[in-house]
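S.K.:
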Amino acid sequence: MELGWLSAGLGAGLVVIGAGLGIGKLAGSALEAMGRQPEAISPIRTAMIIAAALIEGVAFFGLVICILLAFGKA
Amino acid sequence: MFFGNTGETIAVADTLKKAAQGSSDPSWIMHHVMDANYINFEPFGTLYLPHLHLFGLDLSITKYIFFIFIVGIILLFICLLAARGYKKSLIPKGFTNFFEIIILFVRDEIVKPSIGKGYERYLPYLLTLFFFILVSNLLGLVPFSTTITGNVAVTGTLAMISFIATQYSGMKNHGVLKYIRGLVPSGMPIMILPLMAVIEFIGLFTKPFALCIRLFANMVAGHIVIFSLIGLIFIMHTLYVAPISVGFVLFIEILELLVAGIQAYVFTMLTALFIGMAVHSDH
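Taken in order, these protein sequences are the chains called A and B. With this note's numbering as the guide, the letters of the first sequence map in order to residues 1 to 74. With this note's numbering as the guide, the letters of the second sequence map in order to residues 1001 to 1283.
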C-alpha cells in the first residue's frame, strides 16, 4: 500500500466534487438566463464556455498535483 | 518488429507484457505522454532521432522538437495556400474563404472587444498564437503523433512570450514608470498601499502561470484518460471488454476535439484581455 496512490485518489475525488459543483451552478444560471431571454442565447453560450474553461483550469491545478503524487518518486 | 539496441523500446514492450501477466503497474501511461529520443511507429518500427551536444547543452532532436517543426511546416503550408487565394480578387473562394472565416472570428470576437482601439498592432501575434495552439492540439489526435502542447516547457514558453508581449505593450504605451505605478489602482488609503503593491506584483506572474498550466493539464489529462481506458483491456486480461473500452475512447476523442478548440480560444482570449488591460490601464 502506497500513500501516494491513496492521497492522489482522495485528491482527485475532491477536485471532481469542486469542479462539478462549480460548473453545475454555472450551467444552471446560464440555462435559466437563456430560458428567460431567447434572443440572447448566443452571447450567453459564449460566456458560459469561457467561464467553464476557466473553472476547469483551476480544477486542473489540483489534478496536476494528484498526478505528481501518484507518479512521483518518494 | 524492430527492437533497437537501446533499452527503451524493449521497456515499452516489457511493461505491456507485465501488465498482461498480472502486475498492474501503470508506469507505461506516463511513458507514452512524455518526451523521448525516438518515435515509435509500433507495427512498423522505430525512428531514432539524432543526439546533438553543443556547448555543453543537450540539444538533441527529440520527439517533441520534431513535431514542433512539423506543426511549423503545416502552418506555413496552410497560410501560403490561403494567401494564394487573394491574388485574383479580394473576395476569396474555397479554402481561402474557410481560412478567412476563422481569422475574422479571432479578430471580431477575441481581439477587437478586448483591446479596443489600436488592436491591429497585436493581431499578428494573437493570430499566430491561436493557429499554433489549435493545430498542435489537433495534431495530437492523429495516430503516431504526439501533442506538443502536452509539455510544460512548450506551454511555459508560450505563456512567457505572452507575458513579455503584455509587459512590453503596456510599457510602450505608458512609459515604464507610469505603467508600474498604474498597476496599483488609484484612490487607496495609504495603509494598504504596500499590501496592494505586493498582491498586484504577484498577480502579474500568476496570470501567465495559470495560462501555462491550464493548457498543459487539459491536453495531458485527455491523453492519460484515453491510455487508462485502453489499459483497461490489459488490466482485466480479457478481450471482451474491448468494445466498451473503444466506445469510451471514441467518445473521449470527440470531446478532445472540442477541448482542443476551446483551449486555443481561451488562451488567445486571455492573452488579448491582458494586453488590453495593460494598454488601456487608465480604466
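Every residue, glycine too, gets a C-beta built ideally from N, C-alpha and C. These figures come from a predicted structure and were not determined experimentally.
What residues of chain A sit near H1260(B), judged by a beta carbon separation below 9 Å?
M.R.: This sequence places Ala at residue 1260(B); His is not what is there. Those do not exist, as A1260(B) stays about 12 Å from chain A at its closest Cβ, beyond 9 Å.
S.K.: Using a beta-carbon distance below 9 Å, is I50(A) in contact with chain B?
M.R.: Output row for I50(A): interface = yes.
S.K.: To the nearest angstrom, how far is the alpha carbon of L26(A) from that of Y1086(B)?
M.R.: Going from the Cα of L26(A) to the Cα of Y1086(B) covers about 43 Å.
S.K.: Could you check what DSSP says for G1222(B) in three-state terms: helix, strand or coil?
M.R.: Note: G1222(B) maps to helix in three-state DSSP.
S.K.: Quick check on DSSP: helix, strand or coil for D1035(B)?
M.R.: Coil at D1035(B), not helix or strand.
S.K.: Taking the C-alpha atoms as reference points, what is the distance between S1228(B) and A1242(B)?
M.R.: Rounded to the nearest angstrom, the two C-alpha atoms are 13 Å apart.
S.K.: Quick check: V15(A) and A59(A), are their CB atoms within less than 9 Å of each other?
M.R.: In this structure, A59(A) lies closer than 9 Å to V15(A) by Cβ.
S.K.: Look up T1046(B) in the DSSP assignment and say whether it is helix, strand or coil.
M.R.: Note: T1046(B) maps to strand in three-state DSSP.
S.K.: Are the beta-carbon atoms belonging to I1275(B) and Y1122(B) less than 9 Å from one another?
M.R.: Yes, Cβ-Cβ distance for I1275(B) and Y1122(B) is below 9 Å.
S.K.: List in chain order: all unbroken alpha helix (DSSP H) runs of 4+ residues lying wholly within the segment 1188-1212 of chain B.
M.R.: Whole alpha helix (DSSP H) segments, 4+ residues: zero.
S.K.: Classify N1040(B) as helix, strand or coil using the three-state DSSP reduction.
M.R.: Strand, per DSSP.
S.K.: By alpha-carbon positions, which one of R1107(B), E1109(B), V1106(B) and I1078(B) ends up nearest to G1094(B)?
M.R.: When only C-alpha atoms are compared, the closest one is I1078(B).
S.K.: Rounded C-beta distance between F1267(B) and L1204(B)? I'm assuming under 8 Å.
M.R.: Not confirmed; about 18 Å, so no contact.
S.K.: As a quick exercise: from E1100(B), Y1064(B), G1187(B) and I1065(B), pick the residue whose alpha carbon is nearest that of L1080(B).
M.R.: Nearest of E1100(B), Y1064(B), G1187(B) and I1065(B) to L1080(B), Cα basis: E1100(B).
S.K.: Considering only the alpha carbon of each residue, which of F1069(B), F1067(B), I1068(B) and L1049(B) lies closest to S1060(B)?
M.R.: Here the closest residue by C-alpha is L1049(B).
S.K.: May I ask you to list, following chain order, the residues of the segment 53-66 of chain A that have a beta carbon less than 9 Å from some beta carbon of chain B?
M.R.: From the segment 53-66 of chain A, only A53, L54, E56, G57, V58, A59, F60, F61, L63 and V64 have a Cβ closer than 9 Å to chain B.
S.K.: Note down the Cα distance separating G1182(B) from F1044(B), rounded to an integer number of angstroms.
M.R.: Each residue's Cα considered, the two are about 59 Å apart.
S.K.: Measure from the alpha carbon of G1231(B) to the alpha carbon of each residue in T1147(B), F1248(B), M1219(B) and A1217(B), then state which is nearest.
M.R.: Closest option to G1231(B), Cα to Cα, is F1248(B).
S.K.: At least one CB of chain A closer than 9 Å to the CB of F1216(B): is that the case?
M.R.: So, interface residue.
S.K.: Less than 9 Å between CB atoms is the rule here; does M1160(B) satisfy it with respect to chain A?
M.R.: Output row for M1160(B): interface = no.
S.K.: State yes or no: is the beta carbon of M1196(B) nearer than 9 Å to at least one beta carbon in chain A?
M.R.: Not one chain A Cβ lies under 9 Å of M1196(B).
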